[in-house]
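Engineer: Take this structure, written in structure tokens, and hold onto it; I'll ask about it next.
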Amino acid sequence: MLSVHDEALDRLAVALAAALPWVAFLPDADRRVFATESVETLRVCASVGRYAAFADLIEDWRNTAEVWSDPDLAALLAADIARRAVPAEDAASAARIEVQSGDGGRYGDQ
57 MLSVHDEALD RLAVALAAAL PWVAFLPDAD RRVFATESVE TLRVCASVGR
107 YAAFADLIED WRNTAEVWSD PDLAALLAAD IARRAVPAED AASAARIEVQ
157 SGDGGRYGDQ
């Protein structure tokens, strides 16, 4: 059974999606998190009369929605980090190649 708080968050998530169409790209769980963070951030902003933090929150979530709007990018970013990581020996080899080519020492030459 949903609590009054849960029902209010669900209604807020729907209202935010109506006001900010990009919210439709967010997964359902993220919509609830966005609604919760919006309420908390607005409450704090209102207490000091400054809303820059809320504007930042909106921009951050819009950027998240942009990622979710691209299924290939979303799948890549949602993949297990260990599968995407470059093995340490490959990273070390790349660093050695960069230094040998002279690119890695450009700051030391100044």
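Going by our numbering, 78 is the number at position 22 of the sequence shown; the sequence numbering is gapless. Even for Gly, the Cβ is constructed at its ideal location relative to N, Cα and C.
Measure the alpha-carbon distance for V79 versus D126 and round it to whole angstroms.
Structural biologist: Whole-angstrom Cα-Cα distance: 14 Å.
Engineer: CB R87 to CB A73, shorter than 8 Å?
Structural biologist: Result yes, Cβ atoms of R87 and A73 sit closer than 8 Å.
Engineer: Tell me which residues share the same chain as V123 and place their Cβ nearer than 7 Å to its Cβ, disregarding the 5 neighbours each side in the sequence.
Structural biologist: Hits under 7 Å: L129, A130 and L133.
Engineer: Candidates D62, T92 and H61: which alpha carbon is nearest I114's?
Structural biologist: Of the candidates D62, T92 and H61, the one whose C-alpha sits nearest the C-alpha of I114 is T92.
Engineer: Looking at F81 and A121, is the spacing between their C-beta atoms short of 8 Å?
Structural biologist: Contact: yes.
Engineer: Please look up how many angstroms separate the CB atoms of V100 and A108, rounded, as I've assumed it's under 8 Å.
Structural biologist: Wrong, their Cβ atoms sit about 11 Å apart, outside the cutoff.
Engineer: Return the first residue and the last residue of the alpha helix (DSSP H) that P127 is part of.
Structural biologist: P127 to A134 is the span of the alpha helix (DSSP H), which, as asked, contains P127.
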